[in-house]
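Numbering (our numbering), first residue to last: 62 to 272.
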DNA sequence: AATATCTTCAACCGCTACCCC
DNA sequence: TGGGGTAGCGGTTGAAGATAT
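Encoded structure:
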């Protein structure tokens, strides 16, 4: 049996107080993000490391945008969701200043309903990819979009991109440059869905998938 | 004005991926 | 190479505020 990440009876739960927030901010500003497990003790917080990490990433980080999502952001989320499914961290990674939690909540409370009303929300999971599969599978998606975490994957990402270009395989106009720049504007949101539906034969290059 | 219902979103939980020894 | 520990992810929950009756 695995040990819990923290001694539950000795940690606070629920909403964070201003004092707790300040302690966390002060600590990270002077020591940086590091070992989340030891951070609470070091920062004088009665919270578990997980809770501290979540609070920092989703709420306290200085580079967060906050506020309402713009039309361009919403459009991008819809498109990336069509490609990736519920891989919120990958989607959030393409939206500077937004967190996975924020994107997930926005999808569930706004976009999903909006698409349902328009009759454009798939009734079956990953319906958009055809044949009941997501357009990008669980292994392909990180290779395409989440290369920051594992530098060794960069070559594969570049190969992947080159394969697409040389095979003239359909791919939405995503920013695949290995930079942190804001993605360029994309075509109208329904185009991708329609393109996928019109071209069920669209194929992805072999990445040694599902091995 | 009071109460019920709905909506939103911060936070938690459990699982998996990843790293290091 | 396998196992243990930690970080990160996605689903879910529940409190608080908004809206309807």
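For glycine and all other residues, C-beta sits at the position ideal for the given N, C-alpha and C.
Leaving aside the five residues before and after residue 98 along the sequence, list all residues of the same chain whose C-beta is less than 7 Å from its C-beta, in chain order.
The answer, listed in chain order, is 110.
Between residue 124 and residue 158, which are expected to be in contact by the criterion C-beta below 8 Å, what is the C-beta distance as a whole number of angstroms?
Right, the Cβ-Cβ distance comes to about 6 Å (below 8 Å), so this counts as a contact.
Return the CA-CA distance between residue 149 and residue 163, expressed in angstroms with no decimal places.
A straight-line Cα-Cα distance of about 9 Å links residue 149 and residue 163.
Where residue 124 falls: helix, strand or coil (DSSP):
Residue 124: coil per DSSP, three-state reduction.
Looking only at C-alpha atoms, which of 85, 177 and 102 sits nearest to residue 122?
Residue 122 has its Cα closest to that of 85, out of 85, 177 and 102.
Residue 107 and residue 72 closer than 8 Å at C-beta
When the beta-carbon positions are compared, residue 107 and residue 72 come within less than 8 Å of each other.
Taking residue 129 as the reference, which of 154, 172 and 176 has the closest Cα?
When 154, 172 and 176 are compared, the shortest CA-CA separation from residue 129 is found for 172.
Would residue 134 and residue 151 be called neighbours here (beta carbons separated by less than 8 Å)?
Against a cut-off of 8 Å, the Cβ pair of residue 151 and residue 134 comes out as no contact.
State yes or no: is the C-beta of residue 88 within less than 8 Å of the C-beta of residue 76?
No.
Tell me the rounded alpha-carbon separation between residue 100 and residue 113.
The straight-line gap from Cα to Cα measures roughly 8 Å.
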